[in-house]
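Visitor:
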Amino acid sequence: MISTEEYRAIVSDLLDELPEAFFRELTGGVIMSEALVIPDYARDDDLYTLGQYQVCYGVRQIVMFKGSFDRLYPQADVPAAREILRGILRHEFRHHIEFLGGIHNSSSLEAEDERKKRAYLARSDG
1 MISTEEYRAI VSDLLDELPE AFFRELTGGV IMSEALVIPD YARDDDLYTL GQYQVCYGVR
61 QIVMFKGSFD RLYPQADVPA AREILRGILR HEFRHHIEFL GGIHNSSSLE AEDERKKRAY
121 LARSDG
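Per our numbering, the sequence shown starts with residue 1, numbered consecutively.
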């Protein structure tokens with residue numbers, strides 16, 4: 001399992017890869033939480049939230065959940081963690097960019113995530 005310091009350093013390095021324009025209006029920045037987050041609709045604690053784009057009272061931020069990462073990827077070394085975290089960060093930044101652009105159609109990431117949620121629930125229903 002990677003340490004908190006390694007996690008923070010990886011996320012920081014990955015943020016440096018992104019164009020400055022991606023951070024426009026991301027007023028709350030990117031923060032790390034030690035939390036293990038299980039969505040309320042998860043069955044048997046088999047689903048974890050690794051990152052989340054949040055808009056609350058005009059503050060836009062991305063939260064990365066190390067506790068969830070540790071639970072899902074306990075054997076990840078630094079190179080593997082870097083690739084996984086790159087995907088999570090880019091996913092959350094896509095939510096941010098689509099939010100700023102007012103994109104809420106069937107091809108948006110928001111709609112794709114909702115389709116995945118419905119598919120998960122359909123599988124869980126048996």
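Positions of the beta carbon are idealized from the N, C-alpha and C atoms, including for glycine.
(1) Strictly by DSSP, which residues pair up with Tyr53?
(2) Is Ser106 buried or exposed, if buried means 16 or more other CB atoms sit within 10 Å of its CB?
(3) Use the C-beta contact count for Glu92: other C-beta atoms within 10 angstroms, 16 or more gives buried, fewer gives exposed.
(4) Please list, in chain order, all residues of the same chain as Asp70 whose beta carbon is under 6 angstroms from its beta carbon, the five residues on each side excluded.
(5) With burial defined as no fewer than 16 other Cβ atoms inside 10 Å of the residue's Cβ, what is the status of Gly102: buried or exposed?
(6) Checking the sheet assignment: what are the DSSP bridge partners for Ile10?
(7) Alpha carbon to alpha carbon, how far is Gln54 from Thr4? Give it in angstroms, no decimals.
(8) Give me the DSSP bridge partner(s) of Ile103.
(9) Return no unless some Cβ of chain C is closer than 8 angstroms to the Cβ of His96.
(10) Provide the residue(s) that pair with Ser33 in DSSP beta bridges, ordered along the chain.
(11) Excluding the 5 residues preceding and the 5 following Arg8 in the sequence, name in chain order all residues of the same chain whose CB lies nearer than 8 angstroms to its CB.
Guide: In brief:
(1) Ile62
(2) exposed
(3) buried
(4) Met1
(5) exposed
(6) Ile10 is not bridged to any residue.
(7) 22 angstroms
(8) DSSP output for Ile103 lists no bridge partner at all.
(9) Absent here is chain C; the protein component of the structure consists of one chain.
(10) Phe65
(11) Met32
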